[in-house]
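All remarks here apply to the structure that follows.
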Amino acid sequence: MKLTVVVPVYNEKATILEILDRVRAVEVDKEIIVVDNCSTDGTREIVEGLDLPDVCVILQDRNRMKGNSVKKGIAAARGQYTIIQDADLEYDPRDYLPLLAEVERDEVLAVLGSRVLGMAERGQPMPRSSFAIGRDFLNDYFNVLFSTDLTDIATCYKLAPTEVFQSLNLQSDGFDLDFEMPAKFVLEAQRRGQVVSELPIRYYPRSVEEGKKIRWTDGIASLAAITRFRFVQPGG
């Protein structure tokens, strides 16, 4: 099997079936692992009732935060490669194929789908919300600490060989996992003599009113995670 798509979901009743349709439409041999984080809006009942040969559903016993759900999906992955897919419609699964082609290059350990590069390529104005400003600060801080020039470490689209994901000993349970993963990718790439690459992707941002769940406290946790994981080995 080529690809495992891990879909963490919490209270996405309006979009879960649509995003699964879009993921299933991508022409690559894959499995989809949906991890419901104890949704209360009817999402849990929707995914629990799915009977699709390429979709596996994991039901959390309580709300354990997004990062924990991602880790559960990664642990269950059986594909050669794994990618993370949010359950809203901000990211476009049609970008899987170029990301897969990139990660198959010998010198590439992992590839990040960059919203920043994608929006610049299409002439889309970058959102200037407090979330976007905080994201840019965290990205710049990461680049200083790790001596990298990545543009979008917080992206959902992180694709790597499944054995790499499963070897990282990921620890974060919250949104700070989005920063732990690239930190450990970079350290592991340096150890192996490889690189972490980026490609532009499509991005359709939504607001808090539309369901975006990240909060300012997640930014503080992410800052701490970047600092902490700069000084540990990838498997530590």
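Quick note on numbering: the numbering used here labels position 153 of the sequence shown as 258, and the sequence is numbered without any gaps. Don't be surprised by glycine CBs; every beta carbon is placed ideally from N, CA and C.
The residue among ILE325, ARG167, SER327 and THR253 with its C-alpha nearest the C-alpha of ALA294 is THR253. With 16 or more neighbouring CB atoms inside 10 Å of its own CB, ALA265 falls in the buried class. Three or more pairs of CB atoms, one per stretch, sit closer than 8 Å, so the stretch 182 to 190 contacts the stretch 255 to 271.
Around the beta carbon of THR322, fewer than 16 other beta carbons lie within 10 angstroms, which makes this residue exposed. Relative to the Cα of ASN168, the nearest Cα in the group PHE247, VAL140 and GLU123 belongs to VAL140. In the three-state scheme derived from DSSP, where H, G and I count as helix and E and B as strand, GLY298 is classed as coil. The closest CA to that of ASP166, considering only LYS177, LEU157 and PRO158, is found on LYS177. Counted as a single uninterrupted DSSP element, the beta strand (DSSP E) harbouring SER219 occupies residues 213 to 219.
For GLU136, the uninterrupted beta strand (DSSP E) segment begins and ends at 135 to 141. The three-state reading of DSSP puts GLU303 in strand, counting E and B together. By alpha-carbon distance to ASP193, the top candidate from LEU214, VAL221 and PRO113 is PRO113.
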